[in-house]
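**Student:** Position 387 of the sequence shown, counting from 1, maps to 387 under the UniProt record's numbering, and the rest follow consecutively.
Glycine included, C-beta positions come from ideal geometry on N, C-alpha and C.
No experiment lies behind these values; they were computed from the predicted model shown.
Let me begin by handing over the structure; questions about it come next.
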Amino acid sequence: MVRIRDARLPLLVALFIALLAFAADINQWAVLGLLAAMAIAILASMRPAVRPVPHIPEIVSEEPAGRSLLPEVSATLSALDIPVMVLSGDASVLFQNPAAEKAFGEVALGAHISSRLRSPGILDMVGETIATNAPNQIEHSERLPSERVYIVRSSPVKLPANGSGERLFMLAFRDISEVRRIDRMRSDFVANASHELRTPLASLRGFIETIQGPAKNDLKAQERFLGIMFDQTTRMSRLVDDLLSLSRLELKSHIAPDQKVDLVPLLGHVRDSLLPLAKDVGVEIALHLPEGKAEVLGDRDELVQVFENLMENACKYGQEGKSVDVFLKNGPGEPVEVSVVDKGPGIPAEHVPRLTERFYRVSIEDSRSKKGTGLGLAIVKHILTRHRARLIVKSEVGKGTSFTVRF
1 MVRIRDARLP LLVALFIALL AFAADINQWA VLGLLAAMAI AILASMRPAV RPVPHIPEIV
61 SEEPAGRSLL PEVSATLSAL DIPVMVLSGD ASVLFQNPAA EKAFGEVALG AHISSRLRSP
121 GILDMVGETI ATNAPNQIEH SERLPSERVY IVRSSPVKLP ANGSGERLFM LAFRDISEVR
181 RIDRMRSDFV ANASHELRTP LASLRGFIET IQGPAKNDLK AQERFLGIMF DQTTRMSRLV
241 DDLLSLSRLE LKSHIAPDQK VDLVPLLGHV RDSLLPLAKD VGVEIALHLP EGKAEVLGDR
301 DELVQVFENL MENACKYGQE GKSVDVFLKN GPGEPVEVSV VDKGPGIPAE HVPRLTERFY
361 RVSIEDSRSK KGTGLGLAIV KHILTRHRAR LIVKSEVGKG TSFTVRF
């Protein structure tokens, strides 16, 4: 019926032609054949009927509105370098970024937060945030696989108005391990510095009281006590000088020196300045220098301080070996290296990684008897850090120690 309705005009034209043919007395079979041919041609040329497309109702996702937002924000959360988790209203994990996976391991999506984080403090905080819809934060420590300290914050996520009623919550971890470590180092440094100053001050006070009292008229005792007091004040002066040097170095540690320094005459100058000390302890300092120059970018005064510390330590603590060798290597295409080698008792392996810590001593009694402040190698480390150089320590008990500065 649809096709006949669409071909109504062509059929009327064909019928009109047939009536004219009858009126003109044309053969009826010819007329009928003409009409049949016209009808077939008309039906064949007609377009297929276009059926109306039935209305398909829009399918609305039943997925909660909160979850449909996750794909839009996952790329941003994944780019953050702090661990982040997104939780549902029942504390199930809906998303975690790569930083969270690296810090705490992968959590199966949909699993409860307690399957990965078992800290009662974090779980209680998350429960309180879900119950009150208010943000909270606590400090949390992880001891395995390494000691880390985090500020953990839980907060509700504000979503656009939707009919699902689902609530989302974010759990973020801010790593403050480095801050805590620096605070601990600072407090240890103050405590150690106070202790180092308190000892000589107590000695000075005791000797002064003795000179004013029992030894008031004893000239020999006074002379001996005054010598000890002079040594103590000298040690305190060195300690204060070293503390000031560390403070100055920390202020400009980010500024690399840009002046050329020739290490050949510099090492000769340091050796000459230490000859009296070496003679007193019975040690010979031997220089092994290449021909020509060995230039590096550096601060001359600071490099003098570095090699004075290393050679002086080698003379004091390696005096049993009776000799200290200083090697300067400056091969083509190779880094410039200065090695200070002694043949002393050596350093046990467990102490080597901590030698550059402030006030760290392998033997406290031995260090104090040799008038050490415990800051020399810390100063060396700071200077070499500013010079973008490395300090390499190799030691074997009973065979000596080697300190190498590689530029």
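Just the C-alpha distance for Ala172 and Ile182, rounded to the nearest angstrom, thanks.
**Tutor:** 23 Å
**Student:** Would you list the residues sitting across from residue 491 in a DSSP beta bridge?
**Tutor:** The first residue shown for the chain is 1 and the last is 407, placing residue 491 beyond what the model contains.
**Student:** Which whole-angstrom value describes the C-beta separation of Lys381 and Thr401, a residue pair presumed to lie in contact below a C-beta threshold of 8 Å?
**Tutor:** That pair is no contact at about 16 Å.
**Student:** Using a threshold of 8 Å, state whether the C-beta atoms of Gly321 and Gly344 are closer than that.
**Tutor:** A contact, by the Cβ cut-off of 8 Å.
**Student:** Would you report the Cα separation of Glu128 and Ser154, rounded to the nearest angstrom?
**Tutor:** 9 Å
**Student:** Rounded to whole angstroms, what is the Cα-Cα separation between Pro290 and Ala278?
**Tutor:** When rounded, the distance between both Cα atoms is 23 Å.
**Student:** Apply the 10 Å Cβ neighbour rule to Ala79 and answer buried if 16 or more other Cβ atoms are within range, or exposed otherwise.
**Tutor:** exposed
**Student:** Find out if the Cβ-Cβ distance for the pair Met170, Val93 is shorter than 8 Å.
**Tutor:** Contact: no.
**Student:** In whole angstroms, give me the CA-to-CA distance for Gly121 and His387.
**Tutor:** 46 Å
**Student:** According to DSSP, is Glu334 helix, strand or coil?
**Tutor:** coil
**Student:** Within the same chain, show all residues whose beta-carbon is closer than 6 Å to that of His351, passing over the 5 residues directly before and after it, in chain order.
**Tutor:** Val362
**Student:** Would you check if there are 3 or more beta carbon pairs closer than 8 Å linking the segment 229-240 to the segment 197-205?
**Tutor:** Short answer: they touch.
**Student:** So is Thr132 buried or exposed if we call it buried at 16+ other beta carbons inside 10 Å?
**Tutor:** Exposed is the call here.
**Student:** What residue range does the beta strand (DSSP E) around residue 415 cover?
**Tutor:** Absent from the structure is residue 415, since the part of the chain shown begins at 1 and ends at 407.
**Student:** My output table needs one value for Ser363: the three-state DSSP class, helix, strand or coil.
**Tutor:** coil
**Student:** Any chance the segment 323-338 sits against the segment 280-295, with 3 or more Cβ pairs inside 8 Å?
**Tutor:** yes
**Student:** Based on the DSSP output, what are the partners of His288 in its beta bridges?
**Tutor:** Phe327
**Student:** Who are Thr401's beta bridge partners in DSSP?
**Tutor:** Asp342 and Ser395
**Student:** Count the other CB atoms within 10 Å of the CB of Ile347; is the residue buried (16 or more) or exposed (fewer)?
**Tutor:** It counts as buried.
**Student:** Would you report the Cα separation of Glu142 and Ser115, rounded to the nearest angstrom?
**Tutor:** 16 Å
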